[in-house]
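Take 112 as the starting number for the sequence shown in this note's numbering and just add one per residue. The structure appears right after this line, and notes come after that.
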Amino acid sequence: MRSGCLAAAAIAAAAAALPAPVVAQDAAAGSRKAVACQACHGLDGLSRLPDAPHLAGQPAPYLERALRAYRDGERRNEVMSIAARTLSEQDIRDLAAHYASIQISIKAVP
């Protein structure tokens, strides 16, 4: 009986150590979550502020890495460090998908 409990505990501990399943990105959910981002990064992901970068069309993996770095304190910016502090992994994936999905066009200047 005791060895059965130890085996069950070992299996449970091993299962708990496995990473959480990856959930797909959801650009629509990211769009809803991006409301707070719009003040600095613009409604369309194109910033009107000199110190805030454009996010529209950026690759999702880049945006995910940047948001995680702000959240985890590896990258510092007074505003972004606070904004990213409470983001979950799903929030990060959704926001990245939203901004990556925005199509930008470059117009030639005559």
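Yeah, the Cβ is synthetic: ideal placement off N, Cα and C, and Gly gets one too.
{"Item": "Determine the DSSP secondary structure at GLU185, reduced to helix, strand or coil.", "Value": "coil"}
{"Item": "Quick one: grab the DSSP three-state call for LYS218.", "Value": "coil"}
{"Item": "Please report the residue range of the alpha helix (DSSP H) in which ASP205 lies.", "Value": "200-212"}
{"Item": "Whose C-alpha, out of HIS165, GLU200, ALA163, is nearest the C-alpha of ARG182?", "Value": "GLU200"}
{"Item": "Where HIS209 and ILE203 are concerned, what is the direct C-alpha to C-alpha distance, given to the nearest angstrom?", "Value": "10 Å"}
{"Item": "Within its chain, find whatever has a CB closer than 7 Å to the CB of GLY156; leave out the 5 residues flanking it on each side and keep chain order.", "Value": "HIS165, LEU166, ALA167, TYR210, ILE213"}
{"Item": "Any idea if GLN149 is buried or exposed, counting beta-carbon neighbours within 10 angstroms, 16 or more meaning buried?", "Value": "exposed"}
{"Item": "Going by the CB atoms, is the gap between LEU198 and GLY141 shorter than 8 Å?", "Value": "no"}
{"Item": "Name the residue from ASP162, GLN169, GLY184, GLU175 whose alpha carbon lies nearest to the alpha carbon of SER216.", "Value": "GLN169"}
{"Item": "ARG186 to GLY153, Cα distance in whole Å?", "Value": "22 Å"}
{"Item": "Which residue wins for smallest C-alpha separation from ASP162, given the options PRO221, ALA195, VAL190, ALA138?", "Value": "VAL190"}
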